[in-house]
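Working notes, structure below.
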Amino acid sequence: MDSLVAALPPALRARMSPAELRRIGRFLLAGGFAAFVNWAARFPLNEIMPFSAAVLVAYGVGMVVGFFLYRLFVFEAHGGDARSQLWKFILVNAVGAVEVWLLALAFVHWLAPAVGWTLWVEPIAHAAAIGIGAATSYVGHRLLTFRGIG
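Numbered according to this note's numbering, the sequence shown spans residues 14 to 163.
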């Protein structure tokens with residue numbers, strides 16, 4: 014986990030407490046697993062629905078995994094009101110889902126054709142969009158979903 018935190022810019026690390034740095038490390042690990050579930054779920058979904066729909070449904074699958082991992086291991090919110098946290102989690106992730114969906118579609122339909130990129134466009138575009146959305150999600154969950162916990 015220390016190597017994950019070490020990847021943060023030094024100026025940012027200097028402003029954070031050791032506890033917050035550990036929380037970010039746990040978020041990256043738990044979020045990385047939830048993101049992998051999101052990304053991997055898209056492949057079978059893509060067999061039965063278009064790419065744009067598969068991205069959104071896969072996001073929902075990863076979101077369920079993420080809620081339980083973040084609640085139990087990242088923000089250690091097992092004593093809080095799960096129902097309230099769930100609604101806030103859904104709100105933050107609804108914003109994240111739109112962000113990931115728009116980015117994935119922009120990469121596939123605009124960026125890839127603009128640079129002549131043709132190899133594994135959808136999987137790489139989807140993974141990149143998930144990665145970008147992770148930063149937004151951390152801020153949203155820290156400030157809203159699990160605010161004041163930990």
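Beta carbons: idealized from backbone N, C-alpha and C, even for Gly. These numbers were taken from a predicted model, which means no experiment stands behind them.
>> Among Ser65, Phe49, Ile145 and Phe46, whose alpha-carbon lies nearest the alpha-carbon of Val121?
In response: Distance check between Val121 and each of Ser65, Phe49, Ile145 and Phe46 places Ser65 closest, using alpha-carbon atoms only.
> Around the C-beta of Arg84, are 16 or more other C-beta atoms found within 10 angstroms, so that it is buried, or is it exposed?
Replying inline: Buried, by the Cβ-count rule.
> Where does Phe159 sit, in a helix, a strand or coil, going by DSSP?
Replying inline: Shown here, Phe159 sits in coil according to DSSP, grouped into three states, outside any helix or strand.
> Is it right to say Phe88 is buried, meaning 16 or more other beta carbons lie within 10 angstroms of its own, or is it exposed?
Replying inline: Buried.
> In three-state DSSP terms, what is Gly79?
Replying inline: In the structure shown, Gly79 sits in a helix (DSSP, three-state: H, G or I).
> Quick one: is His91 buried, meaning 16 or more other Cβ sit within 10 Å of its Cβ, or exposed?
Replying inline: Exposed, because fewer than 16 other Cβ atoms sit within 10 Å of the Cβ of His91.
> Which residues in the same chain as Glu112 place their Cβ atom closer than 7 Å to its Cβ, once the five residues preceding and following it in sequence are excluded?
Replying inline: The residues are Gly146 and Thr149.
>> I need the straight-line Cα distance from Leu156 to Arg35, nearest angstrom please.
In response: Separation of Leu156 and Arg35 (C-alpha to C-alpha, rounded to the nearest whole angstrom) is 17 Å.
> Of the residues Ser30, Ala110, Glu135 and Ala117, which one's Cα is nearest the Cα of Val153?
Replying inline: Rather than Val, the amino acid found at residue 153 in this sequence is Gly. Per the Cα distances, Ala110.
>> Give me the residue from Ala95, Ala67 and Tyr151 with the minimum Cα distance to Val108.
In response: Distances from the alpha-carbon of Val108 to those of Ala95, Ala67 and Tyr151 put Tyr151 closest.
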